[in-house]
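K.L.:
For the sequence shown, numbering that gives the first Met the number 0 gives the first residue as 0, with consecutive numbering after it.
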Amino acid sequence: MNILIVENSETNRFLLEKTAVFLGFSADCAKDGGEALRCRMKKQYDLILLSLTLPDFDSYSTAQALRQLERSEAGTAAALICGLSRNCDIQVCKESMNNGMNCCVVTPTTTGQAIDLLVKMRTDMVKPRSGRPIKKAEIPANRYPDIHLCNASGC
């Protein structure tokens, strides 16, 4: 699975990238929205983890630009874009969804939380662009207590 990590915090980028590689994913990193768009122009991603606090142009504009890029490429499957926020309340979630993101989660701050997040994302994705099928895993509800995927209905 190809992952793009768009995070302005060097510590969070490092944590997510090293965790992704440990789990066998291919991970690229960007520190801002402009860099994320340049990465995406060169490569397709299955999952984009997008911080909601970016320094150049805001994450909502970044998500919209990423979606516009996907629409301009005929036959390109849409990536799962997941917003990362310290505060994942219903309003933040709705704003994220209205601007092209699929979900919003609390930014992981420990290796365990990062593993939980990436495993949850992988098991929610049935077939990545690589063509390699991923089996939908049975995850007990209490196995990942730190991961709260928000959608339009709430967290």
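For each residue, glycine too, the CB sits at the ideal point set by N, CA and C. Predicted, not measured: the structure shown is a model, and the values here were computed from it.
1) Measure the alpha-carbon distance for A78 versus T10 and round it to whole angstroms.
2) Looking only at C-alpha atoms, which of A29, L53, T52, P54 sits nearest to Y44?
3) Please classify L46: does DSSP put it in a helix, a strand, or coil?
4) Determine whether the beta carbon atoms of G82 and F56 lie at a separation below 9 Å.
5) Can you give the Cα-Cα distance for E69 and A76, rounded to whole angstroms?
6) According to DSSP, which residues form a beta bridge with I80?
7) When the distance is taken between beta carbons, is N98 closer than 9 Å to A73?
P.N.:
Considering the structure as presented:
1) One-based indexing of the sequence shown puts residue 78 at position 79. One-based indexing of the sequence shown puts residue 10 at position 11. Each residue's Cα considered, the two are about 24 Å apart.
2) For the purposes of this step, residue 44 is taken as the residue at position 45 of the sequence shown. When only C-alpha atoms are compared, the closest one is A29.
3) For the purposes of this step, residue 46 is taken as the residue at position 47 of the sequence shown. The answer is strand: DSSP assigns L46 an E or B state.
4) Mapped onto the sequence shown, residue 82 falls at position 83. Mapped onto the sequence shown, residue 56 falls at position 57. It is not a contact, given that the beta carbons lie outside the stated cut-off.
5) In the sequence shown, residue 69 corresponds to position 70, counting from 1. In the sequence shown, residue 76 corresponds to position 77, counting from 1. Each residue's Cα considered, the two are about 7 Å apart.
6) Counted from its first residue, the sequence shown places residue 80 at position 81. Answer is I47, bridged to I80.
7) In the sequence shown, counting from the first residue as 1, residue 73 sits at position 74. In the sequence shown, counting from the first residue as 1, residue 98 sits at position 99. Their beta carbons are not under 9 Å apart, which means A73 does not touch N98 by this criterion.
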